[in-house]
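Chemist: Mapping of the sequence shown onto the UniProt record's numbering: position 68 corresponds to residue 68, and the numbering continues sequentially without gaps. Here a beta-carbon is modelled for each residue, glycine too, at the ideal position from N, C-alpha and C. Given the structure is predicted, the values throughout are model-derived calculations rather than measurements.
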Amino acid sequence: MRGRRGRAAALPGSSRGRGGSGRFRSSSSSSGTEMAVPRILRAGERVGPCRAARSRARPARPAALQRPPHPEDKLLTEPLRHPDFFNVKELFSLKDLFDARVHLGHKKGCRHQFMEPYIFGCRLDQDIIDLDQTMQHLQLALNFTAHIAYRKGIILFVSRNRQFCHLVETTARECGEYAHTRYWQGGLLTNAHIQFGPGIRLPDLLIFLSSLNNVFEPHVAIRDAAKMNIPTVGVVDTNCNPCLITYPIPGNDDSPTAMELYCKLFKMTIIRAKNKRKQTEVFQDLQRLAPPWGPPAQQGALEGANAQ
Numbered sequence: 001m002r003g004r005r006g007r008a009a010a011l012p013g014s015s016r017g018r019g020g021s022g023r024f025r026s027s028s029s030s031s032g033t034e035m036a037v038p039r040i041l042r043a044g045e046r047v048g049p050c051r052a053a054r055s056r057a058r059p060a061r062p063a064a065l066q067r068p069p070h071p072e073d074k075l076l077t078e079p080l081r082h083p084d085f086f087n088v089k090e091l092f093s094l095k096d097l098f099d100a101r102v103h104l105g106h107k108k109g110c111r112h113q114f115m116e117p118y119i120f121g122c123r124l125d126q127d128i129i130d131l132d133q134t135m136q137h138l139q140l141a142l143n144f145t146a147h148i149a150y151r152k153g154i155i156l157f158v159s160r161n162r163q164f165c166h167l168v169e170t171t172a173r174e175c176g177e178y179a180h181t182r183y184w185q186g187g188l189l190t191n192a193h194i195q196f197g198p199g200i201r202l203p204d205l206l207i208f209l210s211s212l213n214n215v216f217e218p219h220v221a222i223r224d225a226a227k228m229n230i231p232t233v234g235v236v237d238t239n240c241n242p243c244l245i246t247y248p249i250p251g252n253d254d255s256p257t258a259m260e261l262y263c264k265l266f267k268m269t270i271i272r273a274k275n276k277r278k279q280t281e282v283f284q285d286l287q288r289l290a291p292p293w294g295p296p297a298q299q300g301a302l303e304g305a306n307a308q
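(1) Alpha carbon to alpha carbon, how far is residue 175 from residue 95? Give it in angstroms, no decimals.
(2) Along the chain, where does the alpha helix (DSSP H) that runs through residue 148 open and close?
(3) Tell me whether residue 205 sits in a helix, a strand or coil according to DSSP, three-state version.
(4) Look at the alpha carbon of residue 205 and the alpha carbon of residue 172, and state the distance between them as a whole number of angstroms.
(5) Do residue 221 and residue 168 count as a contact pair if the criterion is CB distance below 8 Å?
(6) Since I believe residue 230 is in contact with residue 141 (beta carbons under 8 Å), could you give me their beta-carbon distance rounded to a whole number of angstroms?
(7) Who does residue 234 pair with in a DSSP beta bridge?
(8) What number of angstroms, rounded off, separates the C-alpha of residue 198 from the C-alpha of residue 156?
(9) In three-state DSSP terms, what is residue 123?
(10) By DSSP, does residue 155 sit in helix, in strand, or in coil?
(11) Just to confirm my understanding: we take residue 257, look at its own chain, exclude 5 residues before and 5 after, and list those with CB closer than 8 Å. What are they?
(12) Might you give, ordered along the chain, the residues of its own chain that have their beta carbon closer than 8 Å to the beta carbon of residue 42, omitting 5 neighbours on each side?
(13) Can you tell me whether residue 132 is buried or exposed? The criterion is at least 16 other CB atoms within 10 Å of its CB, across all chains shown.
(14) Check whether the segment 233–241 and the segment 208–219 touch, using three or more Cβ-Cβ pairs below 8 Å as the test.
(15) Can you tell me which residues form a DSSP beta bridge with residue 179?
(16) Compute the beta-carbon to beta-carbon distance between residue 127 and residue 105, rounded to the nearest angstrom, for a pair I have assumed lies under 8 Å.
(17) So if DSSP puts residue 128 in a beta bridge, which residue, or which two residues, is it bridged to?
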């Protein structure tokens, strides 16, 4: 019987081994193949007890045991749900940029290759910046600056142009922030824990009102901020490199009227964001102190009804 079963199970095209044991080998291999196919097909259905226990849907926690949302979380997450929570679009218009001569760039020979997408054209061998793109980038930069100020971040104004040092320092002082208009020592951000000791807090945002230093080279702080993963906002002219700046603003950085407009917009944005934070905190404090059953008039009516 064993021999007949072995002959019946043996395939005509199967290879045989020595000593007549090939029939049994072929039968075992064929039966193993036949058994392996359904095992593979059923592999997705078979789940271990541990995995099955983990895959079960956990029952929802009752509302009484759920952690209530912290007021601070709502205070920080609410502005992120709106594209323009601080309404920075109303602070300026295209005509304001044109009147401030933001569209005037440098000579064509000084043009940087990475600034070509922001150039509208060339007139009398002078590059003209596209103000439509300037408006979009300026709105993004102001919106990001407002969010940093709303979250009580440290903002540092940086400029190396001597004729605008007083303007930049005054702007930073009026909006309650910081300014650096002198020589930038290398490693001021990257080696801050060595130069100033442990526990020093780095700025959360750097605003470059001129991204070049006195010798027309990129400011060292741009490179250091990129190394330390600190976001940057910078005004880039047609002779500047905008690659390492997080929020570049294509525009003129030499005209006094343009610089006054930039400082005015950043100051208004920061002050608006800080005032919005104060208003939200006061409103939340009033909600926290208010009785849960309603205003005082309604409370008196309820007490009178209970007395009757």
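Modeler: With the structure as the only source:
(1) In the sequence shown, the residue the question calls residue 95 occupies position 95. In the sequence shown, the residue the question calls residue 175 occupies position 175. In this structure, the alpha-carbon of residue 95 lies about 25 Å from that of residue 175.
(2) Reading the sequence shown from its first residue, position 148 is the one you call residue 148. Residues 131–150.
(3) The sequence position of residue 205 within the sequence shown is 205, counting from 1. DSSP places residue 205 in strand when its eight states are reduced to three.
(4) As a working mapping, residue 205 is identified with position 205 in the sequence shown. As a working mapping, residue 172 is identified with position 172 in the sequence shown. Straight-line Cα distance between these residues: approximately 13 Å.
(5) Counting from 1 along the sequence shown, the entry for residue 168 is found at position 168. Counting from 1 along the sequence shown, the entry for residue 221 is found at position 221. Contact: no.
(6) Position 141 of the sequence shown, counted from the start, is the residue given in the question as residue 141. Position 230 of the sequence shown, counted from the start, is the residue given in the question as residue 230. Not confirmed; about 15 Å, so no contact.
(7) Residue mapping note: residue 234 aligns to position 234 of the sequence shown, counting from 1. Its beta-bridge partners are 208 and 248.
(8) Here residue 198 is taken as the residue at index 198 of the sequence shown, counted from 1. Here residue 156 is taken as the residue at index 156 of the sequence shown, counted from 1. When only Cα atoms are considered, residue 198 and residue 156 end up about 20 Å apart.
(9) By one-based count along the sequence shown, residue 123 stands at place 123. Of the three classes helix, strand and coil, the one that applies to residue 123 here is strand, per DSSP.
(10) Translated into positions along the sequence shown, residue 155 becomes position 155. It is a strand residue.
(11) On the sequence shown, residue 257 is found 257 positions in, with the first residue counted as 1. For residue 257, the CB contacts under 8 Å within the same chain, skipping 5 residues up- and downstream, are 99, 100 and 101 in chain order.
(12) Working through the sequence shown from its first residue, we reach residue 42 at position 42. Low local confidence applies: a pLDDT of 46 at residue 42 is under 50, so the model's placement there is unreliable, with the coordinate-based value given in what follows. Correct list: empty, nothing qualifies.
(13) On the sequence shown, residue 132 is found 132 positions in, with the first residue counted as 1. Under this definition residue 132 is an exposed residue.
(14) These segments touch.
(15) What you label residue 179 is simply residue 179 of the sequence shown in a count that begins at 1. DSSP, once it has assigned bridges, lists 157 as partnering residue 179.
(16) Translated into the one-based positions of the sequence shown, residue 127 becomes position 127. Translated into the one-based positions of the sequence shown, residue 105 becomes position 105. That pair is a contact at about 4 Å.
(17) Indexing the sequence shown from 1 puts residue 128 at position 128. For residue 128, which the question treats as bridged, DSSP gives the partners 104 and 121.
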